[in-house]
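J.:
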Amino acid sequence: MWYSNGTGWWMFFGMIWMVVFWGGLIALIIWAVNRWGQRSTGPEKRSALEFARERYARGEITREQFEQLKKDL
Numbered sequence: 002m003w004y005s006n007g008t009g010w011w012m013f014f015g016m017i018w019m020v021v022f023w024g025g026l027i028a029l030i031i032w033a034v035n036r037w038g039q040r041s042t043g044p045e046k047r048s049a050l051e052f053a054r055e056r057y058a059r060g061e062i063t064r065e066q067f068e069q070l071k072k073d074l
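Counting from 2, one number per residue, gives the positions in the sequence shown under this note's numbering.
The structure is reproduced here in structure tokens:
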């Protein structure tokens with residue numbers, strides 16, 4: 002199998018590089034599909050209480066309105 006002029010060693014390293022290349026390509030495709038799948042889920046869902054807190058912090062509602070919203074939620 003191993004030739005006297007050394008071509009056998011080159012074939013061995015060529016096979017290793019081929020496995021590395023195809024393994025890397027498959028890993029890249031899997032990573033891209035997973036990344037694309039995460040983006041399609043959309044933004045995080047926030048609770049109504051978080052929206053009320055933000056509105057209170059911006060001054061859009063009074064403290065009494067915020068407390069009422071907390072009780073209702």
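All C-beta atoms, glycine included, are put in the ideal place defined by N, C-alpha and C.
Note that this is a predicted model, so its numbers are computed, not measured.
Can you tell me the Cβ-Cβ gap for residue 74 and residue 49, rounded? I've got them flagged as a contact below 8 Å.
T.: Yes, residue 74 and residue 49 are in contact; Cβ-Cβ is about 5 Å, under 8 Å.
J.: In chain order, what residues of the same chain lie with their CB nearer than 8 Å to the CB of residue 67, ignoring the 5 residues before and after it?
T.: Cβ within range, chain order: 53, 54, 56 and 57.
J.: Which of the three DSSP states, helix, strand or coil, is assigned to residue 56?
T.: Here residue 56 sits in helix by DSSP.
J.: Only counting the same chain, and skipping five residues up and downstream in sequence, which positions put a Cβ closer than 6 Å to that of residue 70?
T.: The answer, listed in chain order, is 53.
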